[in-house]
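The numbers in the UniProt record's numbering rise by one with no breaks, and the one at position 568 of the sequence shown is 568.
I have placed the structure first, in the form of structure tokens, so that the comments after it can refer back to it.
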Amino acid sequence: MHREIQKMREIALIYLDRSGGLQKFVHDCKKYNDSKQSYAVYRFIFSINPSDIAELDAALGNYILHKPIQAAQIFQSVCFIAIKTLSLIEQLQTEAQICILLKPTHLPPLPSYVLSLSAFPFNYTSQRFYMSEGIAIAMGTVTKYTQGARFLCADETCPFSKGRFRYIRVHLPGATESATVRNDFVCSLCSSPLQEDMKFRVLGDKQIVEMIDAKVLNALKGYSNDKSHFRIQTFTIFLRDELANKMMIGNHYKIIGIPACVQNGLQATACIEVNSVQLCKPNSPPFVGDNFKYLLSLTSSSCWRFTAILANIFASQVVPPGTYNTLKLAILLSLVQTCEKENADYLDLLIVTSDTLVIDRLLNYSICLLPRGIRHPPSSEIFPSVSKDKHGTGSASIHACSAVLAKGGICYIGDLSSYKKDKLELLQSVLESRTTTVFIPGKKYGEEADQQVTISVQTNFWSFVDVDSSSKKHTQKDNFLIGQMDVSLIPPNLLDGFGLLIHSEFPSCQLPSPLVHHILKKALNPEAMLYKVSEQFRTQDYEEFILFAKNLHVELSSEAENLIQGYYLASRRVRRDSIHGSTLSASALKILISLSKAHTKLSLRKRVLEEDALIAILLLESSLILKHGKSALCIAPNPVFPFDLTDENSLQQRDSYLMQCRHQLLKFIGAYGPGIHINVNEE
Numbered sequence: 001m002h003r004e005i006q007k008m009r010e011i012a013l014i015y016l017d018r019s020g021g022l023q024k025f026v027h028d029c030k031k032y033n034d035s036k037q038s039y040a041v042y043r044f045i046f047s048i049n050p051s052d053i054a055e056l057d058a059a060l061g062n063y064i065l066h067k068p069i070q071a072a073q074i075f076q077s078v079c080f081i082a083i084k085t086l087s088l089i090e091q092l093q094t095e096a097q098i099c100i101l102l103k104p105t106h107l108p109p110l111p112s113y114v115l116s117l118s119a120f121p122f123n124y125t126s127q128r129f130y131m132s133e134g135i136a137i138a139m140g141t142v143t144k145y146t147q148g149a150r151f152l153c154a155d156e157t158c159p160f161s162k163g164r165f166r167y168i169r170v171h172l173p174g175a176t177e178s179a180t181v182r183n184d185f186v187c188s189l190c191s192s193p194l195q196e197d198m199k200f201r202v203l204g205d206k207q208i209v210e211m212i213d214a215k216v217l218n219a220l221k222g223y224s225n226d227k228s229h230f231r232i233q234t235f236t237i238f239l240r241d242e243l244a245n246k247m248m249i250g251n252h253y254k255i256i257g258i259p260a261c262v263q264n265g266l267q268a269t270a271c272i273e274v275n276s277v278q279l280c281k282p283n284s285p286p287f288v289g290d291n292f293k294y295l296l297s298l299t300s301s302s303c304w305r306f307t308a309i310l311a312n313i314f315a316s317q318v319v320p321p322g323t324y325n326t327l328k329l330a331i332l333l334s335l336v337q338t339c340e341k342e343n344a345d346y347l348d349l350l351i352v353t354s355d356t357l358v359i360d361r362l363l364n365y366s367i368c369l370l371p372r373g374i375r376h377p378p379s380s381e382i383f384p385s386v387s388k389d390k391h392g393t394g395s396a397s398i399h400a401c402s403a404v405l406a407k408g409g410i411c412y413i414g415d416l417s418s419y420k421k422d423k424l425e426l427l428q429s430v431l432e433s434r435t436t437t438v439f440i441p442g443k444k445y446g447e448e449a450d451q452q453v454t455i456s457v458q459t460n461f462w463s464f465v466d467v468d469s470s471s472k473k474h475t476q477k478d479n480f481l482i483g484q485m486d487v488s489l490i491p492p493n494l495l496d497g498f499g500l501l502i503h504s505e506f507p508s509c510q511l512p513s514p515l516v517h518h519i520l521k522k523a524l525n526p527e528a529m530l531y532k533v534s535e536q537f538r539t540q541d542y543e544e545f546i547l548f549a550k551n552l553h554v555e556l557s558s559e560a561e562n563l564i565q566g567y568y569l570a571s572r573r574v575r576r577d578s579i580h581g582s583t584l585s586a587s588a589l590k591i592l593i594s595l596s597k598a599h600t601k602l603s604l605r606k607r608v609l610e611e612d613a614l615i616a617i618l619l620l621e622s623s624l625i626l627k628h629g630k631s632a633l634c635i636a637p638n639p640v641f642p643f644d645l646t647d648e649n650s651l652q653q654r655d656s657y658l659m660q661c662r663h664q665l666l667k668f669i670g671a672y673g674p675g676i677h678i679n680v681n682e683e
């Protein structure tokens, strides 16, 4: 056995020399030596490529993968010999003072190396490297832990009561603070109690994170085609030293670490001591379904037809084709305008309806098309909250809620009128800043000072208002302008926070017969495909299409930019009152740009054209009419879909109507836009 260990030490030295680890080790030693300070523990980190080591020596490669703690001792011996031979650290006395952390770059892509957070039983006794994936749903504040400590014999006559670093305690994976530093150690020479030499204690940073399997996202959608059953529970991981604060709450990570069991009183908690953290990003599919490609080629003569047909046939599993077209187009635009970037173009939807059941089904179906579509459960919090860490540290733990879990997707919060005033005010603040702040009182959580943690909220919000229930809660006004709806139950600033306000097309007492027939047939046979388009354009096809379209990078053309700017300035001049000034919010310009880019993505193009800007303007103008009434730009009640789309003639008729809208818009800009000049092409 000694010969095998000696061979492994030689191979470890060769690997460190070839991989550049030896050079880094010498550099780290120089920093320790230059400090002229004695440490109880000298910590070194080595990045290990298991494939390269296995090629050099299979036995050492196997040792690193399956016995990492013992493998670290081999590298410890190599480092100690190197330090003493080359006189790298003059203060070092014993081998026990060297702490080695091996960080594998990857693990073999085999099932035996994958630790599923939702699988049972959970193997936490092997103390070897595993790879796992999950979402960080709770994060504690960074606290201190003991990396290493020096102990001396309490008996002054004992040789081990002073001098050499004889008794060294070093943190091992899964060990608690009490396992590293205790008062029941005894001297091996005289059996007297050991006491810690406090001036040599080495402290490090520690952060506790709760992770959960990514499958939880399917459970939080509220509706899914996936009928499989699975077990979900949170899982504790420890981030130490250089890994502290490397994770962000709500993100999806791949981790490599060693499982362990931490005892906290009578309760045992399975956890993972993490060695490496890697952010997981979903891969966009490199293709669009053939049926979508064929439809795009058929409608290539017009920039409006492809998206019109998409909206017309969308969600045929929930509502008949041709119904709720404006709402379905807005949903598709919001779906493709989702990403996990800072300062992204967000597109939030607020629907005013009296038919909440159908709208709820439609929105529920739509959020399932994204990997991160979350239906907010009313019993929980929309935004992050703080509580005491359950592992007994007494520190604060921040819990991710629906809005953070929906990062890069949609957070559907249901009926807006069901929320209390304080929740609505917080929602308004988040819609304006796209951040939320969590306050951590220091006195309550054992800190010297209070803390404020700002968390980015990168999601689109969907909600609806039931006009029937809201009209019962307050007295309606009498002085409505033409086209204006009574939404006075919702604060005006919150209304402006939502990008689009949309009125559903049918009152609940006058549902069209196709929708009634659809509901009755689905009630009798929920799995039935009632329309041919449901087979041609399946839910999975829409999922792939949206995932492809949302990742397109689009740019504004100068023509589209001029049209948007001209409409915005003209509308600010037209929509004014003597008391509050312009009723058009400053965020309207961002909403117009976001809508234009979304329509371009939905059209599978990379350049925003005037045609995209026109659709954006018509949608926003419809929204403004619902809020403030009609303006000098007179448009039809349903300007984006003025006709039923039944055949090619109806599509041609819609194109002609939209061209008339464009000319009408240019006249409006010319009349009210201050000094805006836009070229008008006479046809």
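Backbone N, C-alpha and C define an ideal beta-carbon position, used for all residues, glycine too.
Quantities reported herein were computed from a predicted structural model and do not represent experimental measurements.
Among the bridge pairs identified by DSSP, E210 is matched with A138 and T236. Listed in chain order, the alpha helix (DSSP H) runs fully inside the segment 384–413 are 402–405, counting runs of at least 4 residues.
Going by DSSP, H599 is part of the alpha helix (DSSP H) stretching over A588 to L602. Sixteen is the threshold: when 16 or more other Cβ atoms of the shown chains lie within 10 Å of the Cβ of E273, as they do, the residue is buried. The C-beta distance from I374 to L220 rounds to 5 Å, short enough to fall under 8 Å. Look at K215 here: in three-state DSSP terms it is coil, with no helix or strand label. Excluding residues up to 5 positions away in sequence, L60 and I74 lie with their Cβ nearer than 6 Å to the Cβ of M8 in the same chain. Exclusion of the five residues before and after E340 leaves K407, G408 and Q458 as the residues of its chain whose Cβ lies within less than 7 Å of its Cβ. In this structure, T436 and I413 do not form a Cβ contact; the two beta carbons are roughly 14 Å apart against a cut-off of 8 Å. Here the alpha carbon of H399 sits roughly 11 Å from the alpha carbon of S380. With 16 or more other Cβ atoms from the protein chains shown falling within 10 Å of its own Cβ, P639 counts as buried.
A268 counts as exposed, since fewer than 16 other C-beta atoms from the protein chains shown sit within 10 angstroms of its C-beta. Nearest in C-alpha terms to F129, of all of S112, N245, V142 and D355, is S112. Collapsing the DSSP output to three states places P514 in a helix. Residue pairing by DSSP leaves L333 without any beta bridge partner. Scanning G163, D612, I564 and L370 for the CA closest to the CA of T600 turns up D612.
Remark: C-beta atoms of L602 and T307 approach each other more closely than 8 Å. I135 is the residue among K606, I135 and Q207 whose C-alpha sits nearest the C-alpha of K281. Beta bridge pairing from DSSP links M131 with V114 and I256. In the three-state reduction of the DSSP assignment, T307 falls in the helix class, which pools H, G and I. Between the alpha carbons of I367 and K254 lies a distance of about 25 Å. At a Cβ-Cβ threshold of 8 Å, P321 and V533 count as neighbours.
The alpha-carbon of H171 is positioned some 58 Å away from that of D466.
The beta carbon of D345 sits closer than 8 Å to the beta carbons of Q337, K590, I593, S594, K597 and A598 from its chain, once the five residues preceding and following it are set aside; these are given in chain order. The three-state secondary structure of V608, taken from DSSP, is strand.
Boundaries of the alpha helix (DSSP H) harbouring V358: T356 to I367, taken from the DSSP string.
Just so you know, the alpha carbons of K423 and A138 end up roughly 21 Å apart. For S397, the closest alpha carbon among the candidates E425, V608, Q23 and V453 is that of V453. Of the candidates L298, V404, D415 and L405, D415 places its Cα closest to the Cα of S354.
Setting aside the 5 residues that flank it on each side, D241 is surrounded in the same chain by G204 and D205, each with a C-beta closer than 6 Å to its C-beta; the list follows chain order. Within the model, the alpha-carbon separation for D360 versus G174 is close to 46 Å. Burial check for C634: the Cβ neighbour count within 10 Å stays below 16, so the residue is exposed.
One Cα belongs to E55, the other to I48, and the distance between them is close to 13 Å. Here V318 has R361, L362 and Y365 as same chain residues with Cβ atoms under 6 Å from its own Cβ, once five neighbours each way along the sequence are excluded. Contact between the segment 211–218 and the segment 181–191 is absent: fewer than three C-beta pairs spanning the two stretches fall below 8 Å. For T146, the enclosing beta strand (DSSP E) covers residues T143 to C153.
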